[in-house]
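A.B. asks:
2 protein chains.
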Amino acid sequence: MSRFTAVILLASILVGSPVNRLESALGPDNDVPGFSPDAASTQLETEDALFDLLDAKSTGRHFRYLTEEPHPAGSERNRRLAEYTRDRFLEYGLEDVQLLEYEVLLPFPREVKVSMLEPFEYEASLREDGYEVDKDSWSSDVGPTYLGMSASGDVTSEVIYANSGNPADYDWLESQGIDPEGKIAIVRYSMPYSYRGFKAWEAQRRGVKALIIYSDPAEDGYRKGEVFPNGPWGPESHIQRGAITYDFIVPGDPLTPGWPSIEGEKRIEESEATSIPNIIAVPMSWRDAKPILESLGGPVAPYSWQGGLPFTYHVGAGPTKVRVKVDMDEGRRPIQVVTGSIRGSEDPEKLVILGNHRDAWVYGAVDPSSGSATLLEAARVLGNLARSGHRPRRTLVLASWDAEEWHLTGSTEWGEHFAGELGKNAIAYLNVDSSTSGPDLAASAVASLNPLIESVARDVIDPNTRRDLFETWQRRREADSSGSGSAELVDNDLGSGSDYTVFLNFLGIPIANLSFDGPYGVYHSQYDNFYWMTHFGDPGFRYMTAMVEVWGRLALRLANAEVYPFDYSAYAKTVAAFLDSLTDIPDVEQKLDLTAARDAAEAWRQEADRLQDLVSRALDSNQPPAPGRFADLNQILLLVERQFLHPEGIPGRPWFKHLLYAPRYTYAAMSLPGVREAVEEQDWELASQQLQLLTERFETVAELMRQAQTLVPQTQVPAE
Amino acid sequence: MSRFTAVILLASILVGSPVNRLESALGPDNDVPGFSPDAASTQLETEDALFDLLDAKSTGRHFRYLTEEPHPAGSERNRRLAEYTRDRFLEYGLEDVQLLEYEVLLPFPREVKVSMLEPFEYEASLREDGYEVDKDSWSSDVGPTYLGMSASGDVTSEVIYANSGNPADYDWLESQGIDPEGKIAIVRYSMPYSYRGFKAWEAQRRGVKALIIYSDPAEDGYRKGEVFPNGPWGPESHIQRGAITYDFIVPGDPLTPGWPSIEGEKRIEESEATSIPNIIAVPMSWRDAKPILESLGGPVAPYSWQGGLPFTYHVGAGPTKVRVKVDMDEGRRPIQVVTGSIRGSEDPEKLVILGNHRDAWVYGAVDPSSGSATLLEAARVLGNLARSGHRPRRTLVLASWDAEEWHLTGSTEWGEHFAGELGKNAIAYLNVDSSTSGPDLAASAVASLNPLIESVARDVIDPNTRRDLFETWQRRREADSSGSGSAELVDNDLGSGSDYTVFLNFLGIPIANLSFDGPYGVYHSQYDNFYWMTHFGDPGFRYMTAMVEVWGRLALRLANAEVYPFDYSAYAKTVAAFLDSLTDIPDVEQKLDLTAARDAAEAWRQEADRLQDLVSRALDSNQPPAPGRFADLNQILLLVERQFLHPEGIPGRPWFKHLLYAPRYTYAAMSLPGVREAVEEQDWELASQQLQLLTERFETVAELMRQAQTLVPQTQVPAE
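Sequence lines, in order, name chains A and B.
Numbering of the first sequence is given in numbering that gives the first Met the number 0, commencing with residue 0 and proceeding in unit increments.
Numbering of the second sequence is given in numbering that gives the first Met the number 0, commencing with residue 0 and proceeding in unit increments.
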C-alpha cells in the first residue's frame, strides 16, 4: 500500500463516504459540466446564438472551393487554400491571424512504374478511371500515384502474397518455407484501416525488396456494397495513396525530430532520420493487382487471406516476376499553417485549440476538406458570435494544419515551435480531421473529457433522426453490439493517425477527436471528391454543419466553464481498466506485481471523487460568477494531464512522452505503452521500472486532487 | 420427484455409492467393451485376421467398376451394379443373398430450361464442362441437370435473390418491402450443406413460383481453395443435383408412407402425398447464375449475403426476368436392394446390419461409391473371415440400398418391409454413406455407442499420421476448437440425410454413421468421379480401406460381445444435456417445469451406472464364455432404445416415432423434437404433454436398468 493510499483511506473514514456519490457536478446528470446553474443558462444562450448562425450553404460554399482542385501538401494549390483560409479568418474577425511556413522533407515522385515480366508482360496503369457523371474524375492534374516517403529504386524479383503484411502473415509464410527476403511482396490494405507505414516497416524488417499495397474488393470494394459512381465504395481502379513514414517512431519533419523546422534550427542527415523508410513501396488498385495475384503459384493462401477477386489466391513465390521502379526527388518544400484567435475576455492567455489539416492526397472531399469546411464555417460562426457580444472567457485558437498526410507535419512542427506557451496555457486540443463521411458520430478523447462530450451530444439534434445525437449514438451502439449496450460511447483508447498526436503525446494536453462516419471506400483516391460527398457522404452538407455545432459547443464550454470540466474520476477508472487489461497478457499476474499501481490509481479515483463532490457543491450553491473565484483550482486542474509526460519518453521512442498512451506501429491504440511493450517482450525488469514510473505519477495526481480540494471555495450547504 | 427416483436414491444409500465409479466395463478404459479379458483376446485375434485380409487394390477395383458410368436410381446401370453386388456377395460366401425390388415414384426429366428474358436474353447451359485431363467429364450420358421431385411447370417472372432461402432471409426481404409471392427466387447452396428440400419447402410456403439453387464460389468454389481439375473444390460450371423431397415429413416412397412399396400394398394418390413438393426447382452452376445475379436491381444485399462473385449482390425484384421450365415424367421405377448375411454361430436370429446406398447422381465417386466399394471390400473380408473359422456369434447383414438420393427410399422400404423382424432382433444399424472424401474421421451415433466407437478408433492406424485414429481425431478436434479440446468426438446430435433414418426414427434401433471427410466442393456434380478421388479424395484407396477396418471391427464387436456394449450411462448423460439445452430457448424456465424429467433422467443414469458396475465385475471375473450366460441380460438391453418409440410419432409427423430425435426440415439434428417444436411454437400445453411422455420413458428405462441388474450373473469378488 502506498503512502497516499493510506492517508486517503483514513481520510475517507473520517469524512464519511462522499466518494460513492454517483452524481457529481461533472457527471452525466449535470447538463453543462463545470458551470453553476446561472452560468449554465448564460452558456446555453450563447450556444443557441451559435446554432442560429449555422448555415449549411455557407459550409457547402467553402467545401466546394476546397475540393475544386487537387491540393496535396507542398502544392501551389494548397498554398492558395492557406491564403483563402487566412483571408476568411480575417474576414470573420479572428485576431492574431498568422500564416506560418515550415520547410520540411516532402519528396515528390519523378517516376513510378510497375511491370509484370512473367508469366506474361503487363504494365500496371497506376491510374484511376474517369466516369462520365463526374467531371473531377477526368482530371489530368492528379500526377502519378505513389506512397509518400517511399525509397527510390528499381528492383525486379519474384512476387509473394503476404495477406495484410502483418508479422503473423510473414510468420505463416515462413512456416511454409517461403522466405520473403529479396522478394517483392504484395499485400492488401486492411479494413478498418491499419497504418500502411506499419506494412512497410514490417516488410523492410523481413528483407522484402519492394512492397505493393493494393485495395482488395473484399475490404473496401464491391463486396461491401455499391461502388462509385453508384455508391460509396471503391471501384476497380481506385487507388489508396498515403505516406509510409515511420511516424510511430517520431512524427513531424523527419529531419527535425523534436524541434521545429524553422530558420536557424538544425537539420539532421536523412541517413540519421529514424522515421524515413528504406523500402520501395507503391499503392495499387485491384484492377492493376489482379494479373499479378491471379498468376501467382505456390501454396493456396489460407482461407482468411482469400479476398474478393474471382479466383483462389496463392502465396507464391513466383512464377510471377515483377519490376517496381520508384524515383523520388529530394524535395524539401514549404508547408503552411494558418492560425487565428478569438481572444478571451477574462483569461486570454488560456487556450482552447481547434485544429484540422488542409492538405489532401487528391481532392480530399472527406479527408480533409469536410473538416476544413467545418473549420471555416466554425471560424465564421465563432467570429460572428464574438462580434455580437458573446466573446468567450478564454481564447479560442483555430488552426489549419498542413502535410498531416505526410508525417503529421504541420501540427507537429507548430506544437514543437510553441511548446513552451502551449505547455503552460493550453487547456485542450480539439481535432477534426475528416469531419464527415456519413451520419455516425464517433469521438475519441482522454477519459476526463467523456462527460463533457456526452453533454454536448445531448444538446445537438441529429439531422437525420431528429433525435439528439447522444440518443442516436447510443441506439446505434446498442444495435452494433447486439443489444448489450455496454460499449462506451467515447473511445478512450487513443492511437495515432491525426494531428492530435503532438498535443497529447508530446505536450500532455487533453485532446478530443471528432467525426461523423459512414460507408466510405474511396479513402485517399481521386473519387474522394465533390461528387462522392454530395451523392453519398453528406448531401446538403448537414453533417459537416452539425460538426460545427458539436465542435463549437465543446470549445465554448471549455472556454467558458467556471471550473475546467475535466472528470478525473472517469480518467482514474479508465486507467484502472488499462491496468487490468495488462493481465490479459500471459504471465503478467505471475511476473509483475500490479498492487502498488492499482492502489495508487484507486487513491487517485477516491481523491477525484471527493474533489468533484466539493466542486459540485460549490457550483450548485449558484453564487454569481466572480472573476478569479476558481482561478487557483483551475490552475491545478490544468496540471494533471501534464503529469503523465516523462522527459525521456517511452523506451526507444523518446519523442512519445506520455506514459498512458502511444500508438502501436499500426497506429492502433496502446495504453500504458512503456509497461505493455516491455511485457510483450517479456522484459520483466523494464516492465517493473515502467510500472514504478506510472505508480509515482498516479500518486502525484492523487496529491494534486488533494491540493485541489483545498482550493475549492467554501460554500454554505443549505439545511434540508 | 418421481416414484423411481425415490427408490433409487434409497437404494444407492443402502448399497453405498458405486454410481460414481468412473471406470466401468463399458467405459473408456476397457479396450473391448462388453468382453471379458479372455474373450477380448480372442476378439482381437479375429480382428487381426480381418486386418490381414484388407487389400486396398481390391477396394480400388470395386471403386473403379462402380464409378465407371453414371448410375442414378432407376437407371439400367444401377440395376447392373445391384447384380454385381449380389454376385460379389455370393462369390465371397455370404448367405441368404437377396436382390429385392421395390417400385417407387422416381420421375425423370423430359425437359429443363432456364432463360433470362430481361435485361438481355440469355440461355442457361445447365451443363458441366469437360476438362482434357479427365475423360469422365466429357461424358454425354449425364442427361439434363435437375432436382429430383421438382414439380413440372413453365413460369416467367421477375427474380429475387434470397440468400440461402431460409425463413430469416425471406423475413428480411419482406422487411424491405420485397414480396416473394409470384417471383422466381434464386438462392445459394449453403456450406456446410443444409438440405435443399428445406429451401424448396420454405420457398413454396412464401408463394415463390420457381426456385433456382446455385453453387456460389464462396461456399464450395474458388474462395475455398483450388478448383477441379486442379483441386478438390467446385469449378465454374459444377452443378449440385439432388432431390427436394419433403422427407423430413415422411421418407421413403411418397406413395407408401409407413409401409413397403411391394405387390399388393396400397398406394396413395400423389395429391395426398405430403412429401411431394409443389414448386418448380432447378439447380445451377455459378457460371449460369452469374448473369442473373449481376443484372439484379433493388436494394444492395446485406453483407453476409454477398458471395464470391465479383460484383455487389442486389436482391431485386427485377429488372431481371427469367423463364423456368421443368417437365418431369410420372415415372414409377423399380429400385433394387441387395442384402447378404454372414450367419451367426450362436445367436443367428440377432442382427448387426451394415448398410450403404449404391445410387449416385452421376458417377458418385465420393457419394456413394466410396462407401459402396467399402461395403464390397467388407463383404470380401468378412466372408473370408467366416470361411476361415472366424464366424461371428450373431448374424451380420450387409445391405446395398437404392434411391437414397431421392427419399432415402431403398432403406426405408426395406425397413418398413421387415419391421417386425428388425424390431425384434436388430442390435444395431451401422451406416456408411460416402465413406471417403478425405482423411478426417467423423462419427455420429446414439450416445450408448460412444465408448464402443472410441474403442475401435483406438485400434485402427490412420494411414497418413501412422498414429491411431482416436489420437489423430482428438488432435484435429483440439486444433479446430483452438485447444479447448472439449468437443465430444462422437456426435450424438442425430439429424437425417442418410439411410439410418428408418432404423433410428421408425424402428428404434441404435445406429452409427461413419465417414472420412475432407475438402470437397464437387458434391452431386459430375466431377465427383474417379479422377477427383484418385487425385484429391483418397489416392491409393487407403481411407476407403481403413473404413472397412473401422466398420468391420465395430460390427464384429457388436456381433461377438458377451454383453451388448451399450453405455446407457453415457446415453442418460446426453439426454440430460438435451434437457438442459431446452433452457436456451426464451421463457422455457418460466413456462415449463423440467424437474420431473430431469429427475427421471438422473434416476436412469444412476441405475445405469450401477448396472455397468455389476456388468464390469461379472466380465472382469473372466469366467470361460458360456452360451446363454448373459442371454437374459442382453434381451433387456436390447429393449432400451425401443422404449423411445411412440406409436403416434411426434406431433404432426407420425412416421417419426423416436421421442429423442428427429431431423429439422433442414436435416439438422433436433433432440427431444416433440417438446422442442412445441416450445419453439410457444405451445406450452403441448410441450408439457410431450415432456410428460419423455419423463415416463425415462422412468421405464430406469426400471429396465434395475431389472437388468438382477440378471447379471453373480460373481465372487476376490478379496484384495
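C-beta: ideal position from N, C-alpha, C; glycine also.
Quick caveat, the model's predicted, so the values are computed rather than measured.
With hydrogens ignored, establish whether the beta-carbon of D586 of chain B is closer than 8 angstroms to any heavy atom of the ligand GTP.
C.D. replies: Only the bare structure without any ligand can be found here, which leaves the ligand GTP out of the picture.
A.B. asks: How far does the beta strand (DSSP E) with Q97 of chain B in it extend, from its first residue to its last?
C.D. replies: Taking the first residue of the second sequence as 1, we reach residue 97 of chain B at position 98. Note, Q97 of chain B: beta strand (DSSP E), 94–104.
A.B. asks: L644 of chain A by DSSP, collapsed to three states: which one?
C.D. replies: Residue 644 of chain A sits at position 645 when you count from the first residue of the first sequence. If DSSP states are grouped into helix, strand and coil, L644 of chain A belongs with the strands.
A.B. asks: Over what stretch of residues does the beta strand (DSSP E) that includes H356 of chain B continue unbroken?
C.D. replies: In the second sequence, residue 356 of chain B corresponds to position 357, counting from 1. Note, H356 of chain B: beta strand (DSSP E), 346–356.
A.B. asks: If you reduce the DSSP assignment to three classes, tell me which class I635 of chain B lands in.
C.D. replies: The sequence position of residue 635 of chain B within the second sequence is 636, counting from 1. Here I635 of chain B carries a helix assignment [DSSP, helix/strand/coil].
A.B. asks: Following the continuous alpha helix (DSSP H) through V614 of chain A, name the residue where it begins and the one where it ends.
C.D. replies: Taking the first sequence and counting its residues from 1, one reaches residue 614 of chain A at position 615. Looking at the DSSP string, the run of the alpha helix (DSSP H) that includes V614 of chain A is 594–619.
A.B. asks: Please classify F732 of chain B as buried or exposed, where buried requires at least 16 neighbouring CB atoms within 10 angstroms.
C.D. replies: Missing from the structure shown is residue 732 of chain B; chain B here goes from 0 to 719 and no further.
A.B. asks: Which term fits Y302 of chain B, buried or exposed, when burial requires 16 or more other beta carbons within 10 angstroms of its beta carbon?
C.D. replies: Stepping through the second sequence from its first residue, residue 302 of chain B is reached at position 303. The residue in question, Y302 of chain B, is exposed, as its Cβ has fewer than 16 Cβ neighbours within 10 Å.
A.B. asks: For S340 of chain A and Q634 of chain A, I'd like the C-alpha separation in whole angstroms.
C.D. replies: Taking the first sequence and counting its residues from 1, one reaches residue 340 of chain A at position 341. Taking the first sequence and counting its residues from 1, one reaches residue 634 of chain A at position 635. Near 22 angstroms, if we compare the C-alpha coordinates of Q634 of chain A and S340 of chain A.
A.B. asks: With 8 angstroms as the C-beta to C-beta threshold (strictly closer), list the residues of the segment 549–572 of chain A near chain B in chain order.
C.D. replies: Of all residues in the segment 549–572 of chain A, none has a Cβ within less than 8 angstroms of some Cβ in chain B.
A.B. asks: Quick one, are the C-beta atoms of D358 of chain A and G414 of chain A less than 9 angstroms apart?
C.D. replies: Walking along the first sequence from the start, residue 358 of chain A turns up at place 359. Walking along the first sequence from the start, residue 414 of chain A turns up at place 415. Not a contact, by the Cβ cut-off of 9 angstroms.
A.B. asks: For a quick check, are the C-beta atoms of N430 of chain A and S399 of chain A less than 9 angstroms apart?
C.D. replies: Residue mapping note: residue 430 of chain A aligns to position 431 of the first sequence, counting from 1. Residue mapping note: residue 399 of chain A aligns to position 400 of the first sequence, counting from 1. No Cβ-Cβ contact shorter than 9 angstroms links N430 of chain A with S399 of chain A.
A.B. asks: Please state whether DSSP places I291 of chain A in a helix, a strand or coil.
C.D. replies: Residue numbering aside, residue 291 of chain A sits at position 292 when the first sequence is read from its first letter. Note: I291 of chain A maps to helix in three-state DSSP.
A.B. asks: Using 10 angstroms around the beta-carbon of G363 of chain A, count the other beta-carbons present and answer buried if the total reaches 16, otherwise exposed.
C.D. replies: Here residue 363 of chain A refers to the residue found at position 364 when the first sequence is read from its first residue. So G363 of chain A counts as buried.
A.B. asks: Determine the direct distance from the alpha carbon of G306 of chain B to that of R87 of chain A, and round the result to whole angstroms.
C.D. replies: Indexing the first sequence from 1 puts residue 87 of chain A at position 88. Indexing the second sequence from 1 puts residue 306 of chain B at position 307. Straight-line Cα distance between these residues: approximately 50 angstroms.
A.B. asks: Under the three-state reduction of DSSP, which class applies to E740 of chain B: helix, strand or coil?
C.D. replies: Because chain B in this structure spans residues 0 to 719, residue 740 of chain B falls outside the shown range and cannot be described.
A.B. asks: Does DSSP put P27 of chain A in a helix, a strand or coil?
C.D. replies: Residue numbering aside, residue 27 of chain A sits at position 28 when the first sequence is read from its first letter. Confidence is the limiting factor: at P27 of chain A the pLDDT is only 39, short of 50, which leaves the residue's position unreliable and the question unanswerable from this model.
A.B. asks: Which residues in chain B sit within 8 angstroms of E225 of chain A, going by Cβ to Cβ distance?
C.D. replies: Here residue 225 of chain A is taken as the residue at index 226 of the first sequence, counted from 1. Under the 8 angstroms cutoff, chain B gives V299, T311.
A.B. asks: Classify N559 of chain B: buried if its beta carbon has 16 or more other beta carbons within 10 angstroms, exposed otherwise.
C.D. replies: Counted from its first residue, the second sequence places residue 559 of chain B at position 560. Label assigned to N559 of chain B: buried.
A.B. asks: Please classify T699 of chain B: does DSSP put it in a helix, a strand, or coil?
C.D. replies: Position 700 of the second sequence, counted from the start, is the residue given in the question as residue 699 of chain B. Here T699 of chain B sits in helix by DSSP.
A.B. asks: Would DSSP call T58 of chain A helix, strand or coil?
C.D. replies: Looking up residue 58 of chain A in the first sequence gives position 59. In this structure, T58 of chain A counts as helix in the three-state DSSP scheme.
A.B. asks: Taking C-alpha atoms, which residue in A:W285, A:F643, A:P653, A:P462 lies nearest to L671 of chain A?
C.D. replies: Position 672 of the first sequence, counted from the first residue, corresponds to residue 671 of chain A. When only C-alpha atoms are compared, the closest one is A:F643.
A.B. asks: Between the segment 198–219 of chain B and chain A, which residues of the former have a C-beta closer than 8 angstroms to a C-beta of the latter?
C.D. replies: Result list: P216.
A.B. asks: Excluding five sequence neighbours on each side, which residues of the same chain lie with their C-beta closer than 7 angstroms to the C-beta of T665 of chain B?
C.D. replies: For the purposes of this step, residue 665 of chain B is taken as residue 666 along the second sequence, with counting starting at 1. The beta carbon of T665 of chain B lies closer than 7 angstroms to those of S193, Y194, F197 in the same chain, with the five residues before and after it left out.
A.B. asks: Output the distance between the C-alpha atoms of D28 of chain B and L440 of chain B, rounded to the nearest integer angstrom.
C.D. replies: For the purposes of this step, residue 28 of chain B is taken as residue 29 along the second sequence, with counting starting at 1. For the purposes of this step, residue 440 of chain B is taken as residue 441 along the second sequence, with counting starting at 1. The predicted model places D28 of chain B with a pLDDT of 42, which falls under 50 and marks its position as unreliable, so this point remains unresolved.
A.B. asks: Just to confirm my understanding: we take I211 of chain A, look at its own chain, exclude 5 residues before and 5 after, and list those with CB closer than 6 angstroms. What are they?
C.D. replies: By 1-based counting over the first sequence, the position of residue 211 of chain A is 212. Within the same chain, I211 of chain A has close Cβ partners I185, V281, M283.
A.B. asks: Considering S114 of chain A, what are the terminal residues of the beta strand (DSSP E) in which it resides?
C.D. replies: As a position in the first sequence, residue 114 of chain A is number 115, starting the count at 1. Unbroken beta strand (DSSP E) run through S114 of chain A: 108–117.
A.B. asks: Spatial neighbours of G482 of chain A within its chain, please: CB distance less than 6 angstroms, with the 5 preceding and 5 following residues excluded, ordered by chain position.
C.D. replies: As a first step, residue 482 of chain A is located in the first sequence; it is residue number 483 there, counting from the start. Reliability of the predicted coordinates at G482 of chain A is poor, the pLDDT of 47 falling under 50, and no value is obtained from them.
A.B. asks: Closest by CA to R296 of chain B, which one among B:H70, B:T699, B:Y312?
C.D. replies: One-based indexing of the second sequence puts residue 296 of chain B at position 297. Residue 296 of chain B is actually Gly in this sequence, not Arg. It is B:Y312 whose Cα lies nearest to the Cα of G296 of chain B.
A.B. asks: In chain order, what residues of the same chain lie with their CB nearer than 8 angstroms to the CB of D458 of chain A, ignoring the 5 residues before and after it?
C.D. replies: Counting from 1 along the first sequence, the entry for residue 458 of chain A is found at position 459. Closer than 8 angstroms at the Cβ level, and outside the excluded window around D458 of chain A, lie D30, L43, E46, D467, R552.
A.B. asks: Closer than 8 angstroms by C-beta to G317 of chain B: which residues in its own chain qualify, once you throw out the five before and the five after it? Chain order, please.
C.D. replies: Stepping through the second sequence from its first residue, residue 317 of chain B is reached at position 318. Close CB contacts of G317 of chain B within its chain, under the 8 angstroms cut and outside five residues either way in sequence, are with E117, E157, V158, L295, G296, G297 (chain order).
A.B. asks: Bridge partners for K733 of chain B per DSSP, in chain order?
C.D. replies: Within the shown structure, residues of chain B are numbered from 0 to 719, placing residue 733 of chain B beyond reach of any answer.
A.B. asks: For T582 of chain B, is the classification buried or exposed, using 16 other Cβ atoms within 10 angstroms of its Cβ as the cut-off for buried?
C.D. replies: Taking the first residue of the second sequence as position 1, residue 582 of chain B is located at position 583. When all chains shown are included, T582 of chain B counts as exposed.
A.B. asks: On the three-state DSSP scale, how would you describe E262 of chain A?
C.D. replies: As a first step, residue 262 of chain A must be located in the first sequence, where it is residue number 263. Coil at E262 of chain A, not helix or strand.
A.B. asks: Going along the chain, which residues of the segment 282–308 of chain A sit with their C-beta nearer than 8 angstroms to a C-beta in chain B?
C.D. replies: V299, Y302, Q305, G307, L308
A.B. asks: Just curious, the alpha helix (DSSP H) that R379 of chain A is in, first and last residue?
C.D. replies: Start at 1 with the first residue of the first sequence, and residue 379 of chain A comes out as number 380. Its alpha helix (DSSP H) spans residues 370–386.
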